[in-house]
Amino acid sequence: MADVSMVVTPRGGFGKGPARQLRRSGLVPAVFYGDGVGAEGKAIAVPLAPLSLALIKPMAILEVQVDGRNIKAAPRDVQRHPVSHEVEHLEIVELSESHVREREAAAVAAIEEMYPQGFKN
């Protein structure tokens, strides 16, 4: 099960100026790596609000809609602002089903380690 579902959009501009415009509009510049994309990756823009919520959970799994396909992916190499700690750029990597299961198991283990007595409301 994915932690967050989001629709990403392709981005055209590169460099400091276009990246700042994206961030002002509530998007984060990112690069997606997966099947059929190529070694250089695909430049995309990701909505900041759902991404920030997903990154709170350890070993987060994202369901990303890229080119009309729903893909399970994981954030990798998240770059944050040194003062505000907002996400400035990230890489997203497509996950296979076996990697999804491994990440889910690792997330459960991490949460159980954080709360050894169990989490109660």
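Per the working numbering, the sequence shown starts with residue 1, numbered consecutively. Virtual Cβ for every residue (Gly too), placed ideally from N, Cα, C.
**Asked** Among the residues of its own chain, which have a CB less than 6 Å from the CB of Leu22, if the five just before and after it don't count?
**Response** For the purposes of this step, residue 22 is taken as the residue at position 22 of the sequence shown. Excluding residues within five positions, the ones whose Cβ falls inside 6 Å are Pro29, Ala45.
**Asked** Which ranges does the alpha helix (DSSP H) cover as unbroken runs of at least 4 residues, wholly within the segment 18-66, from first to last along the chain?
**Response** 48-54
**Request:** Could you round the C-beta distance between Leu95 and Arg103 to whole angstroms and report it? I think they count as a contact, below 8 Å.
**Result:** Numbered from 1 along the sequence shown, position 95 holds the residue referred to as residue 95. Numbered from 1 along the sequence shown, position 103 holds the residue referred to as residue 103. Correct: roughly 7 Å between the Cβ atoms.
**Prompt:** Which residues bound the beta strand (DSSP E) around Ser98?
**Reply:** Taking the sequence shown and counting its residues from 1, the one referred to as residue 98 is at position 98. No beta strand (DSSP E) contains Ser98, which is instead part of the alpha helix (DSSP H) from 97-114.
**Request:** Determine, using beta carbons only, whether Ala43 and Val31 come nearer to each other than 8 Å.
**Result:** As a working note, residue 43 is residue 43 in the sequence shown. As a working note, residue 31 is residue 31 in the sequence shown. Result yes, Cβ atoms of Ala43 and Val31 sit closer than 8 Å.
**Asked** Of the choices Pro47, Val78, Leu55, whose alpha-carbon is the least far from that of Arg11?
**Response** Start at 1 with the first residue of the sequence shown, and residue 11 comes out as number 11. With distances taken between Cα atoms, Arg11 lies closest to Pro47.
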